[in-house]
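Q:
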Amino acid sequence: WFLCCMMAAIVLAFPLRGVGQDSSILMPKYTVKLPGVMLIFLSQGLCLEPSAITKAFRQFHIIVFTAIFSFVVYPAIVMVIASFLESMGYNEYFRVGMIVTSVMPTTTAMSTILTTLSGGTVPVAVANATLN
899 WFLCCMMAAI VLAFPLRGVG QDSSILMPKY TVKLPGVMLI FLSQGLCLEP
949 SAITKAFRQF HIIVFTAIFS FVVYPAIVMV IASFLESMGY NEYFRVGMIV
999 TSVMPTTTAM STILTTLSGG TVPVAVANAT LN
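According to this note's numbering, the sequence shown is numbered sequentially starting from 899.
#1: Taking DSSP as the reference, what is the three-state secondary structure of S941?
#2: Taking 8 Å as the threshold (C-beta atoms), are I997 and M977 in contact?
#3: Short check: CB of N1026 to CB of I938, under 8 Å?
#4: Look at the alpha carbon of I1011 and the alpha carbon of M1002, and state the distance between them as a whole number of angstroms.
#5: If you follow the alpha helix (DSSP H) that K1068 is part of, which residue opens it and which one closes it?
#6: Starting from F992, trace the alpha helix (DSSP H) in both directions and tell me its first and last residue.
#7: If I measure Cβ to Cβ from G916 and keep anything under 7 Å in the same chain, skipping five residues before and after, which residues do I get?
#8: May I ask you to report which of helix, strand or coil DSSP gives E984?
#9: Report buried or exposed for S985, applying the criterion of at least 16 other Cβ atoms within 10 angstroms of its Cβ.
#10: Please classify N1030: does DSSP put it in a helix, a strand, or coil?
#11: Can you tell me whether T1013 is helix, strand or coil according to DSSP?
#12: Once DSSP output is grouped into helix, strand and coil, what is the label at I923?
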């Protein structure tokens, strides 16, 4: 269901793009962004046992590994790919976009949802998303 809803959102995003503008009646800057992030953290936090949260933060090696992989290893790989694409004559904006995207942290929603779907350790994913 998640992937079907994601695809529906992508398909509907183009014809309904005016709904997401700051000047629209929904005022997403105030009604979606801040409350949405707060709701995601709250819902994920309420689903966890307090002992699971403290145990997750004690598994600091996982958080450090994820941070190093996300902010050092993966961007370095993308830099090599971008250099290769530069030699092939690819557009500079495309290459810069790849590099910028490679250093951005994942969203809390995506990291916890995908961790849940894959049967991973959700408290560690929430702790990692919170710290990154």
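Ideal Cβ positions, reconstructed from N, Cα and C, are used throughout, including at glycine.
A: In terms of the structure at hand:
#1: helix
#2: yes
#3: no
#4: 18 Å
#5: In the structure as shown, the chain begins at 899 and stops at 1030. Residue 1068 is therefore absent and cannot be evaluated.
#6: 990-1000
#7: S922
#8: helix
#9: exposed
#10: coil
#11: helix
#12: coil
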